[in-house]
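Q: Structure in structure tokens, see below.
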């Protein structure tokens with residue numbers, strides 16, 4: 093059976109459980125450049141953890157360090173409670189799916205999948221049984237005798253997944269596995285991968301620069317930039333309660349409105365936005381005094397058009413562009429004095445005919461939920 | 004032809020060269036079926052005698068010896084060139100990469116005769132190797148290396164190395180490093196990784212390099228002539244003796260043609276024989 097008995101269910105275990113993967117201050121330098129700066133990370137057994145960030149943020153370096161393809165300059169790596177910092181890659185018991193799948197071109201599909209079992213000295217009958225089982229898992233029964241080049245991109249990816257899973261790895265590493273697939277196939281493979289991952293309960297580390305992919309698939313996301321982990325949290329928290337400016341602007345769309353801090357208590361702070369007052373989380377504004385300039389990050393779906401033009405109910409702006417997106421309509425609104433860049437308002441497409449047109453004056457206000465503000469930057 | 008207005012201009016010199024070569028081959032073919040007139044540079048009437056003469060044991064042995072010499076040279080060149088090519092492709096330091104490239108390719112520009120003379124200095128009875136061994140007290144009398152097959156092979160390996168390194172490096176550089184990483188993650192140690200992934204995937208380069216080394220050596224003349232000193236007979240040295248010592252052009256021509264056919268045949272056989280090796284990873 094491919095089913096792992098030690099983790100049982102797909103639901104992530106409690107954080108107190110022994111971490112499947114643990115990084116203690118792992119640092120990696122390439123020459124003078126710090127590719128990874130003191131990464132601390134605990135991944136619980138069965139968890140689907142995503143490393144998300146723009147290219148060059150250190151996520152692939154981190155993956156290579158866990159796989160053992162790179163040596164850490166400082167810090168320790170544990171897999172399943174065992175210190176592996178000095179362990180060579182071929183003894184780490186990990187499965188990897190590469191961006192280009194890296195199926196051995198001179199071997200059949202069955203021999204590709206069997207490779208990791210042969211290196212472990214599994215006897216022939218058992219190899220055949222487990223290879224068949226793994227191919228069945230990825231819905232490729234009967235494809236064993238084909239060569240990788242005879243398969244489509246999606247099929248090649250399934251073989252890569254079967255090859256990585258058949259050895260019952262302690263951790264499954266996925267390095268941007270969907271980036272080579274077209275949009276429709278990608279969505280189907282995402283669902284399928286997630287199902288297989290949950291069924292087997294295998295601890296998975298997924299590297300991507302695609303935030304939509306990260307938000308839809310992950311149990312938790314580690315958002316990275318310039319070699320640092322900015323925030324580790326569930327998709328909802330990452331989206332609704334970003335810890336810093338980078339996370340707020342990298343995940344989802346956000347417009348920046350300028351405001352002033354009025355007051356703050358332990359948890360919430362009040363920010364003046366022209367004639368309006370809005371509540372935001374206090375934590376990111378810690379240390380600021382009343383009257384300080386702050387930047388308010390607002391999601392496009394959290395901006396509401398205000399009926400009528402009574403001052404005090406909304407902020408005035410001019411519609412710069414109206415973009416019909418099918419399911420919704422995007423309005424880009426110029427708001428001089430409140431925002432340096434056009435502000436994005438997203439509205440359900442159902443009201444499209446009654447939507448303001450380009451050049452219309454409009455009043456908007458932020459909805460009262462999920463607003464975050466950060467101290468004004470430099471200038 | 005509107006897209007490539009200069010195609011004709013570029014092709015014509017190549018066509019001229021090809022025409023020249025074809026004419027030369029045709030001349031050799033023509034000579035090989037003519038009778039030898041002793042004491043004259045002119046040839047007689049049509050005959051197949053030149054080809055039946057090839058079956059005499061002396062020439063059969065020369066063919067066999069040449070093939071053996073070529074195989075030995077190709078094998079040793081492959082064994083020595085593979086690590087160099089591997090290092091050339093895989094070394095990270097750019098300075099070291101350039102050094103390996105220059106060191107392995109420079110001999111190509113020295114010319115066969117210069118390289119062969121330098122080997123005579125190394126292999127001679129009072130040469131570099133013998134003087135060093137003598138001064139170390141390891142040997143009393145010089146080792147005979149000049150005028151032996153081993154001496155010829157050593158020099159031929161050196162002559163063939165650059166081309167082999169370049170062809171192997173070309174093959175190795177096409178191997179995606181992720182294949183080896185994938186094998187590594189699946190539990191394969193360095194030896195297994197090399198035997199099941201790197202080596203089978205570098206087979207195209209090996210086959211190309213080996214065939215080229217074989218053909219290259221088969222046609223080598225200066226090295227077997229100078230280092231073999233007449234004691235190591237190859238097809239090319241025989242052709243030289245027949246053509247320019249005995250002035251038997253017809254027989255020299257038939258020997259050349261037979262050599263050409265032999266080279267093609269051996270290379271074709273080799274490619275076939277290497278097919279199972281290409282499937283190494285399937286085991």
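Residue numbers (the numbering used here), protein chains in the order written: chain Y, 93 to 471; chain S, 4 to 286.
Backbone N, C-alpha and C fix where the C-beta goes; we use that ideal spot for every residue, glycine too.
(1) Run through DSSP, which three-state label would residue 199 (chain Y) get?
(2) Residue 254 (chain S): buried (16+ other C-beta within 10 angstroms of its C-beta) or exposed?
(3) Give the range of the beta strand (DSSP E) segment to which residue 166 (chain S) is assigned.
(4) Got a sec? Which residues, its chain only, sit under 6 Å from residue 337 (chain Y) by beta carbon, not counting five neighbours each side?
(5) Among the residues of its own chain, which have a CB less than 8 Å from the CB of residue 433 (chain Y), if the five just before and after it don't count?
(6) Considering residue 236 (chain S), what are the terminal residues of the beta strand (DSSP E) in which it resides?
(7) Let me see if you follow: with CB-CB separation under 8 Å, is residue 296 (chain Y) close to chain S or not?
(8) Kindly list, in the order they appear in chain Y, the residues whose Cβ is closer than 7 Å to that of residue 191 (chain S).
(9) From the DSSP output, in three-state form, read off residue 161 (chain Y) for me.
(10) Going by other Cβ atoms of all chains shown within 10 Å of its Cβ, with 16 needed for buried, is residue 250 (chain Y) buried or exposed?
(11) Can you find a C-beta in chain Y that's less than 8 Å from the C-beta of residue 143 (chain S)?
(12) I need the DSSP call for residue 416 (chain Y), collapsed to helix, strand or coil.
(13) Verify the CB distance criterion: does residue 200 (chain S) have a CB-CB separation below 8 Å to chain Y?
(14) What's the C-alpha gap between residue 57 (chain S) and residue 252 (chain Y)?
(15) Spell out whether any CB of chain S is found under 8 Å from the CB atom of residue 202 (chain Y).
(16) Counting only beta-carbon atoms, is residue 259 (chain Y) nearer than 8 Å to chain S?
(17) Strictly by DSSP, which residues pair up with residue 320 (chain Y)?
(18) I need the straight-line Cα distance from residue 230 (chain S) to residue 239 (chain S), nearest angstrom please.
(19) Are the C-beta atoms of residue 203 (chain S) and some chain Y residue less than 8 Å apart?
(20) Straight-line CA distance for residue 111 (chain S) to residue 268 (chain S)?
(21) How about the stretch 154–169 of chain Y and the stretch 164–176 of chain S: do they share at least three Cβ pairs that are nearer than 8 Å?
(22) Rounded to whole angstroms, what's the CA-CA distance from residue 159 (chain S) to residue 215 (chain S)? Just pull it up for me.
(23) Can you give me the start and stop residues for the beta strand (DSSP E) that residue 265 (chain Y) sits inside?
(24) Can you round the beta-carbon distance between residue 127 (chain Y) and residue 150 (chain Y) to whole angstroms, since I take them to be within the 8 Å contact cut?
(25) Exposed or buried, which one is residue 409 (chain Y) when buried takes at least 16 other CB atoms within 10 Å?
(26) Jot down the residue ranges of each uninterrupted alpha helix (DSSP H) in the stretch 113–158 of chain S, minimum 4 residues, whole runs only, in chain order.
(27) Could you check whether the Cβ of residue 357 (chain Y) sits closer than 8 Å to any Cβ belonging to chain S?
(28) According to a CB-to-CB cut-off of less than 9 Å, which residues of the stretch 53–81 of chain S neighbour chain Y?
(29) Within its chain, find whatever has a CB closer than 6 Å to the CB of residue 156 (chain Y); leave out the 5 residues flanking it on each side and keep chain order.
(30) Exposed or buried, residue 310 (chain Y), counting other C-beta atoms within 10 Å across all chains shown (16 or more means buried)?
(31) On the premise that residue 186 (chain Y) lies in contact with residue 261 (chain Y), defined as a C-beta separation below 8 Å, what is that separation, rounded to the nearest angstrom?
(32) Use the C-beta contact count for residue 206 (chain S): other C-beta atoms within 10 angstroms, 16 or more gives buried, fewer gives exposed.
(33) Looking at C-beta atoms only, is the number of pairs between the stretch 216–236 of chain S and the stretch 72–91 of chain S that lie closer than 8 Å three or more?
(34) Are residue 148 (chain S) and residue 232 (chain S) close, meaning C-beta to C-beta below 8 Å?
(35) Please report whether the beta-carbon of residue 122 (chain Y) lies at a distance below 8 Å from any beta-carbon of chain S.
(36) Give a yes or no on whether 8 Å exceeds the smallest Cβ distance from residue 256 (chain S) to chain Y.
A: Taking the structure as given:
(1) Of the three classes helix, strand and coil, the one that applies to residue 199 (chain Y) here is coil, per DSSP.
(2) Label assigned to residue 254 (chain S): buried.
(3) Judged by DSSP secondary structure, residue 166 (chain S) falls outside any beta strand (DSSP E) and instead within the alpha helix (DSSP H) spanning 152–176.
(4) Contacts found: 466.
(5) Non-local beta-carbon contacts of residue 433 (chain Y) in its own chain, meaning distances under 8 Å to residues more than five positions away in sequence, involve 347, 348 in chain order.
(6) From DSSP, residue 236 (chain S) is part of no beta strand (DSSP E); its letter is neither H nor E.
(7) Not closer than 8 Å to any Cβ of chain S, the Cβ of residue 296 (chain Y) fails to qualify, so no.
(8) Simply 182, 211.
(9) Residue 161 (chain Y): coil per DSSP, three-state reduction.
(10) Under the 10 Å beta carbon count, residue 250 (chain Y) is surrounded by 16 or more other beta carbons and is classified as buried.
(11) So no, residue 143 (chain S) is outside the interface.
(12) Secondary structure at residue 416 (chain Y): strand, using DSSP grouped into helix, strand and coil.
(13) Answer yes: the Cβ-Cβ gap between residue 200 (chain S) and chain Y drops below 8 Å somewhere.
(14) Whole-angstrom Cα-Cα distance: 58 Å.
(15) No, because no Cβ of chain S sits closer than 8 Å to the Cβ of residue 202 (chain Y).
(16) So, interface residue.
(17) Residue 320 (chain Y) is bridged by DSSP to Y:317.
(18) Approximately 14 Å, taken between the alpha carbons.
(19) Output row for residue 203 (chain S): interface = yes.
(20) Separation of residue 111 (chain S) and residue 268 (chain S) (C-alpha to C-alpha, rounded to the nearest whole angstrom) is 27 Å.
(21) Fewer than three Cβ pairs drawn from the stretch 154–169 of chain Y and the stretch 164–176 of chain S lie within less than 8 Å of each other, which leaves the two stretches out of contact.
(22) Residue 159 (chain S) and residue 215 (chain S): Cα-Cα distance of roughly 13 Å.
(23) Residues 263–267.
(24) Right, the Cβ-Cβ distance comes to about 5 Å (below 8 Å), so this counts as a contact.
(25) With 16 or more other CB atoms across the displayed protein chains lying within 10 angstroms of its CB, residue 409 (chain Y) is buried.
(26) Fully enclosed alpha helix (DSSP H) runs of 4 or longer: 115–126, 131–138.
(27) So no, residue 357 (chain Y) is outside the interface.
(28) Within the stretch 53–81 of chain S, no residue has a Cβ that lies closer than 9 Å to any Cβ of chain Y.
(29) Same-chain partners within the cutoff: 162.
(30) It counts as buried.
(31) That pair is a contact at about 5 Å.
(32) Buried, since its Cβ has 16 or more Cβ neighbours within 10 Å.
(33) Here the stretch 216–236 of chain S makes contact with the stretch 72–91 of chain S; the two share three or more CB pairs at distances below 8 Å.
(34) The answer is no: Cβ separation not under 8 Å.
(35) No, its Cβ sits nowhere closer than 8 Å to a Cβ of chain S.
(36) Using a Cβ-Cβ cut-off of 8 Å, residue 256 (chain S) does not count as an interface residue toward chain Y, since no Cβ of chain Y sits closer than that to its own.
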